[in-house]
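Read through the structure below, which is laid out as structure tokens, and then see the notes.
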Amino acid sequence: MKKYLFSLFSLFVTTMLIGQVAPNKYWVKFTDKNGSPYSIDDPAAFLTQRAIDRRTAHGIAIDESDIPVNQAYVDAVEAIGVTILNTSKWFNSVTIYTTNSSLINTINNLDFVESVEKGNSKPNMLNDKFYKPFFNNESYGKIPETGILKSSNSGLSYDYGDSFNQINMLNGVALHDLGYDGEGMVIAVLDAGYLNVNDLPAFDNLWNNGQILGTRDFVAPHNPDIFNSHSHGCMVLSTMGGYLPGEIIGTAPQADYWLLRSEDGDSEYLIEELNWVSAAEFADSVGADVINSSLGYTTFDNPSQDHSYEDMDGNTTPITIGADKAASKGMIVVNSAGNSGNDPWHYIGAPADGDSVFTIGAVNGNGEYASFSSVGPTYDGQVKPNVVAQGQGSTIVEPWGGTVTNGNGTSFSSPITAGMVACLWQAHPEKRNTEIMQAIQLSATQANTPDDLLGYGIPDYMLAHDIITNSGIEYSVDNSISIFPNPFNDEIFITSDIERKGPVNILLLDVAGKILHQVTLNNIVNGEEILLSDLGKLKPGVYFTKINYDNYSSVKKIVKK
């Protein structure tokens, strides 16, 4: 599947000859990496040791896509009189800026240039302001004085204040109390800017402990100012790294962070997808474990660039191709589903459609679907979102005065999740990214019956921890087998909609894999109800049924009330 995906990647890059990027900005794609001074035999020349270690630990080969763009090609393009913005080794390209369009033909005639895509300026204005569909559907407000968000409950490790609910909903407090709070993990945040993050008390802990590893601006690389560019990334970061005991604690308060600006908050053009890919490449090269991307793309200021629902197939948009590539390098890409649930376009955007992207929808403080949260499936039928977290009434820090307030948007359910993902991976560093994501999905409330609103549901990160810790349970989903009621009190019924020839073994397991009950049948008849009773003595919690027949096993999660 992945070989096919990345052959599509190559096809996309080399055959799209005419396109649009942004006003006075162009995408120059090269034919090859011939003559590069770099070699996959010496990866330390272009990857940090941490990035190399990630590949080694998870059996990921270093290949030609890891080799930087040939600097001689870049220098030759720059010598023509244009400004180089960013390079992309995965796309083997550069983005450039020039107001002299006559130079583009000169660049296009270079032997090593495959094509040049040019920009077009046609702003999409709403009430004399740039309209960015992802951001404009978000809202902010004061923390209510009463209700579920105003909780004084805390764990053993942290005094969460108003952020308690959004972490406890995921059973993340218990994971923190085990000592898994992100320490040693690296999260790359890709966003529009980090207004006042360098000054606000909520982030003093990160700065004082050296947890901000660095910054990079992919929107204005020659004039970077990420702390004075846009407010969105500040609020996003606060849900992961914020630290104001009694007010807000992020989901990964001890993780390390790279703050990367890829989104231009004042406009919406395709070049921002290319900025994102360059930022993801950088995150990979410095050894990031997790990317949080509270961004998504559907429509642009130049309507000719707009994506269609058919483009949401996991293989088409530049940013989705780049996001899946990032995942292939061993990182977990956590991305907001989008905030278009109430719009005519109500589907997820790019790169949330990526089959390797961990797409996050939103619920309110009671765990109910938030109506603004974009829905699935993808055009090719993938379950999206993957899981959900609190995105309505999320506790955040506003960047102008540092006040703890609340916000509404999948921009916040995504980093809440990304922080918890980092904590879970901290507990199990030997596991691949796919194994971490699978365990999270299996722990979620709708693991057996995912839908287009919540995906697999609200995860339980302690349960995910238990699932990974116990090697005795290999979980699978077999939709031909049904178990009801679920949750249950004293008994459950198991049915199959096809014949299962015996012998058939039915086991009831706890999360540690211990067999609590076992039944052996000669076969299962289509539609026959098999009763497991006298289960009232079990403690409330999560259990598994394992059904073995022939050479196949089906494991389903059940919950005791």
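Per the working numbering, residue 15 is the first one in the sequence shown, and the count goes up by one each step. Note that beta-carbon positions come from the ideal geometry of N, C-alpha and C, so glycine has one too. Values in this document were obtained by computation on a predicted structure and should not be read as measured data.
Spatially closest choice to Asn420 from Gln440, Trp414, Ala432, Gln406, by CA coordinates: Gln406
If distances are taken between C-alpha atoms only, which option among Ser322, Gly301, Gly336, Gly256 comes closest to Val291? Gly336
By the 10 Å Cβ neighbour count, where 16 or more other Cβ atoms means buried, how is Arg275 classified, buried or exposed? buried
Do Asp46 and Phe60 have their C-beta atoms closer together than 8 angstroms? no
Quick one, which of Gly379, Ala384, Phe372 has its alpha-carbon nearest Val397's? It is Phe372 whose Cα lies nearest to the Cα of Val397.
What span of residues does the beta strand (DSSP E) with Ile240 cover, start to end? No beta strand (DSSP E) holds Ile240; DSSP gives it neither H nor E.
Using alpha carbons as the reference points, say which of Thr312, Tyr271, Thr424, Leu204 lies closest to Tyr283. Thr312
Is the Cβ-Cβ distance between Ser245 and Pro413 less than 8 angstroms? yes
Quick one: what's got a C-beta closer than 7 angstroms to Ala188's C-beta in the same chain, skipping five residues either side? Met476
State the DSSP-derived secondary structure class of Phe296, mapped to helix, strand or coil. In this structure, Phe296 counts as helix in the three-state DSSP scheme.
Run the CB neighbour count on Lys571, radius 10 Å, all protein chains shown included, and call it buried at 16 or more, exposed below. buried
Could you please give me the residues that DSSP links to Gln404 through a beta bridge? Looking at the DSSP assignment, Gln404 forms a beta bridge with Val377.
Per-residue DSSP class, three states only, for Leu456: helix
With 16 other Cβ atoms within 10 Å as the buried cut-off, status of Ser281: Label assigned to Ser281: buried.
Got a sec, what are the start and stop residues for the alpha helix (DSSP H) Lys560 sits in? Counting along the chain, Lys560 falls outside any alpha helix (DSSP H), though it belongs to the beta strand (DSSP E) covering 555–563.
Would you mind reading off the limits of the alpha helix (DSSP H) that contains Asp67? 63–71
Euclidean distance between Cα positions of Glu197 and Tyr271: In this model, Glu197 and Tyr271 are separated by some 11 angstroms (Cα to Cα).
Do you know offhand how far Ala458's Cα is from Ile538's? Pairing Ala458 with Ile538, the inter-Cα distance amounts to about 28 angstroms.
Under 8 angstroms Cβ to Cβ from Ala266, same chain only, skipping five residues before and after it: list those, please. Asp195, Gly196, Met199, Ile201, Met254, Gly255, Ala432, Gly433, Met434, Ala436, Cys437
Asp367 in three-state terms, based on DSSP: coil
For Tyr557, collect the residues of the same chain with a Cβ closer than 7 angstroms to its Cβ; drop the 5 residues on either side in sequence, then sort them by chain order. Leu522, Leu523, Asp524, Ile572, Lys574
With hydrogens ignored, establish whether the beta-carbon of Gln440 is closer than 7 angstroms to any heavy atom of the ligand MG. Absence of the ligand MG is noted for the structure shown, with no ligands found whatsoever.
Whole angstroms is fine: what's the gap from Asp191's alpha carbon to Leu170's? Going from the Cα of Asp191 to the Cα of Leu170 covers about 6 angstroms.
Could you work out which residue in Ser342, Leu546, Thr424 is closest to Gln180 when comparing CA atoms only? It is Thr424 whose Cα lies nearest to the Cα of Gln180.
Could you give the distance in angstroms between the alpha-carbon of Thr483 and the alpha-carbon of Val203? 28 angstroms
Would you tell me roughly how many angstroms separate the C-alpha atoms of Gly95 and Glu131, rounded to the nearest one? 17 angstroms
Please classify Asn123 as buried or exposed, where buried requires at least 16 neighbouring CB atoms within 10 angstroms. By the neighbour-count criterion, in which a residue is buried when 16 or more other Cβ atoms sit within 10 angstroms of its Cβ, Asn123 is exposed.
Across which residues does DSSP place Asn519 in a beta bridge pair? In the DSSP assignment, Asn519 is bridged to Thr534, Asn562.
Under three-state DSSP, which class holds Asp77? coil
Is Thr313 helix, strand or coil when you go by DSSP? coil
Alpha carbons only, please: which of Ala340, Ala341, Ile374, Met326 is nearest the one belonging to Gly363? Taking only the C-alpha atoms, the option nearest Gly363 is Met326.
Is it the case that the Cβ atoms of Ser388 and Ser354 are separated by a distance below 8 angstroms? yes
What residue does the beta strand (DSSP E) around Tyr475 start on, and which one ends it? No beta strand (DSSP E) contains Tyr475, which is instead part of the alpha helix (DSSP H) from 475–483.
Check Val187 in the structure and name its three-state DSSP category. helix
Proximity below 8 angstroms, CB of Ser350 to CB of Ser308: yes
Tell me the rounded alpha-carbon separation between Ala65 and Ala302. 7 angstroms
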